[in-house]
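Participant: Shown below is the structure under consideration.
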Amino acid sequence: MKQENYIRGMIMIILSAFFFACMNVSVRLAGDLSSVQKSFFRNLVAAFFAAIILIKNHTAPKVEKTQWGSLFLRCAFGTLGILCNFYAIDHLLVADASILNKLSPFFAIIFSFLLLKERIKPAQAMCVILAFVGCLFVVKPGFENAHLIPALIGVCGGLGAGIAYTMVRKMGTHGVKGPVIVFYFSCFSCIIVIPWIVFHYQPMSLRQLLTLLLAGLFAAGGQFTITAAYTYAPAGKISIFDYSQIIFATLLGFLLFAEIPDRYSLIGYGLIILASLGNFLYNWKHKD
């Protein structure tokens, strides 16, 4: 791998982390709307851009029947992940919600073992355990945490994303293209919540609508840049830089909402990032 491509990949994945942090902040700025309604408009924008990519590249949205089950699981658990993440963003510090969602790679390791029969190496197991110890510091189950339920929902968001990423990995090995997966996921996540939108729609101001559309644009920007990052360099070489999102989320949370994480959360951030660093170094050593 050329050093120039490595640097480009690193820059792209950091830019992606910034876009996703901005998406989370935009979701919070949209105000007192349901997580379902927020996710609908976010995914509507994503579906629009995914469709444009398919049309531009003359790619047919075709998926072999053998992969329909995996596609459904990706869509269902991806939707669950977004709904839980958006709920957590509205009820926790932005940085706390972001770090809990970043548990997804560790859930992906577990579900790759359970569903894809991929072996978990001892070093990976230690990283998973360390990450979940860090998770306990963020969730704070024994410290009279008034936000325990939103924190647990945030963990569920990471779990949903982890299963979704596992299914993406499985479909990728069977030749299903990324834009096709994004298109079906975005459409599914919009269609599945339409009944809720019909019966529980909350009127929005122009500012709220524009903020949600902006969240969708940031999400699209994040998807495009992370895809570009992995075309320049393999995931095992640059994935650690994705955790720069926690730095961006902490700074934006402080600047826009005067949020300051407590000492337990900071310890949790450190442990989860340390676990991610350990997993990153393991992948770096064992992959070309």
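Numbering (the numbering used here), first residue to last: 61 to 348. A virtual CB, placed ideally from N, CA and C, is assigned to each residue, including glycine. Nothing here was measured: the structure is a model prediction, and the numbers come from that model.
Nearest to residue 157 by alpha carbon, out of 166, 292, 146 and 165?
Facilitator: Closest by alpha carbon: 146.
Participant: For the candidate residues 148, 103 and 248, whose alpha-carbon lies nearest to that of residue 422?
Facilitator: The requested residue 422 does not occur in the structure, where the chain is confined to residues 61 to 348.
Participant: Taking the CB atoms as reference points, tell me whether residue 285 and residue 90 lie closer together than 8 Å.
Facilitator: Going by C-beta atoms, residue 285 is not nearer than 8 Å to residue 90.
Participant: Residue 274: beta carbon under 7 Å from a heavy atom of the ligand SAM?
Facilitator: Ligands displayed in this structure: none; no statement on the ligand SAM is therefore possible.
Participant: Can you say whether residue 332 is buried or exposed, counting buried as having 16 or more other CB atoms within 10 angstroms of its CB?
Facilitator: Counting Cβ neighbours within 10 Å, residue 332 comes out buried, since at least 16 surround it.
Participant: With 16 as the cutoff for other CB atoms within 10 Å, does residue 235 come out buried or exposed?
Facilitator: So residue 235 ends up on the exposed side.
Participant: Considering only the alpha carbon of each residue, which of 77, 112 and 280 lies closest to residue 103?
Facilitator: Nearest of 77, 112 and 280 to residue 103, Cα basis: 280.
Participant: Determine the contact status of residue 292 and residue 72, defining contact as a CB-CB distance below 8 Å.
Facilitator: Taking 8 Å as the Cβ cut-off, residue 292 and residue 72 qualify as a contacting pair.
Participant: Please report the straight-line C-alpha distance between residue 256 and residue 248, rounded to a whole angstrom.
Facilitator: So the two alpha carbons sit approximately 14 Å from each other.
Participant: Closest to residue 93 by CA distance: which of 299, 338, 262 and 307 is it?
Facilitator: The candidate whose alpha carbon is nearest that of residue 93 is 262.
Participant: Counting only runs of 4+ residues fully inside the region 102–157, write out the alpha helix (DSSP H) ranges in chain order.
Facilitator: Here the runs fully enclosed are 128–151.
Participant: Residue 250 to residue 101, Cα distance in whole Å?
Facilitator: Rounded to whole angstroms, residue 250 to residue 101 spans 8 Å at the Cα level.
Participant: Taking the C-alpha atoms as reference points, what is the distance between residue 119 and residue 80?
Facilitator: Rounded to whole angstroms, residue 119 to residue 80 spans 26 Å at the Cα level.
Participant: Out of 224, 155, 319 and 68, state which residue places its alpha-carbon closest to the alpha-carbon of residue 211.
Facilitator: With distances taken between Cα atoms, residue 211 lies closest to 155.
Participant: Do you know whose CA, among 305, 219 and 232, lies nearest residue 163's CA?
Facilitator: Among 305, 219 and 232, the Cα nearest to that of residue 163 is on 219.
Participant: Report the rounded CA-to-CA distance for residue 339 versus residue 345, giving the unit in angstroms.
Facilitator: Between residue 339 and residue 345, the C-alpha separation is close to 10 Å.
Participant: Quick check: the region 177–191 against the region 322–337, are there 3 or more CB pairs under 8 Å?
Facilitator: In short, these stretches touch, since the Cβ pair count reaches three.
Participant: By the three-class DSSP mapping on this structure, what secondary structure does residue 91 have?
Facilitator: In the structure shown, residue 91 sits in coil (DSSP, three-state: anything other than H, G, I, E or B).
Participant: Do you know offhand how far residue 184's Cα is from residue 326's?
Facilitator: In a straight line, the C-alpha of residue 184 is about 23 Å away from that of residue 326.
Participant: Would you mind stating whether residue 223 and residue 153 have Cβ atoms separated by less than 8 Å?
Facilitator: Against a cut-off of 8 Å, the Cβ pair of residue 153 and residue 223 comes out as no contact.
Participant: Going by beta-carbon coordinates alone, are residue 243 and residue 121 separated by less than 8 Å?
Facilitator: In this structure, residue 121 lies closer than 8 Å to residue 243 by Cβ.
Participant: For residue 68, which residues from the same chain have a beta carbon less than 6 Å from its beta carbon, with the 5 sequence-adjacent residues on both sides left out?
Facilitator: So the list reads 292, once near-sequence residues are dropped.
Participant: Find out if the Cβ-Cβ distance for the pair residue 39, residue 113 is shorter than 8 Å.
Facilitator: Beyond the ends of the chain as shown, which are 61 and 348, falls residue 39; an answer cannot be given.
Participant: Would you check if the distance between the CB atom of residue 123 and the CB atom of residue 276 is smaller than 8 Å?
Facilitator: In this structure, residue 276 does not lie closer than 8 Å to residue 123 by Cβ.
Participant: Which of helix, strand or coil does DSSP assign to residue 252?
Facilitator: It is coil, neither helix nor strand.
Participant: Of the choices 312, 77 and 329, whose alpha-carbon is the least far from that of residue 287?
Facilitator: If we check each option's Cα against that of residue 287, 77 comes out closest.
Participant: Of the choices 274, 342 and 299, whose alpha-carbon is the least far from that of residue 87?
Facilitator: Residue 87 has its Cα closest to that of 274, out of 274, 342 and 299.
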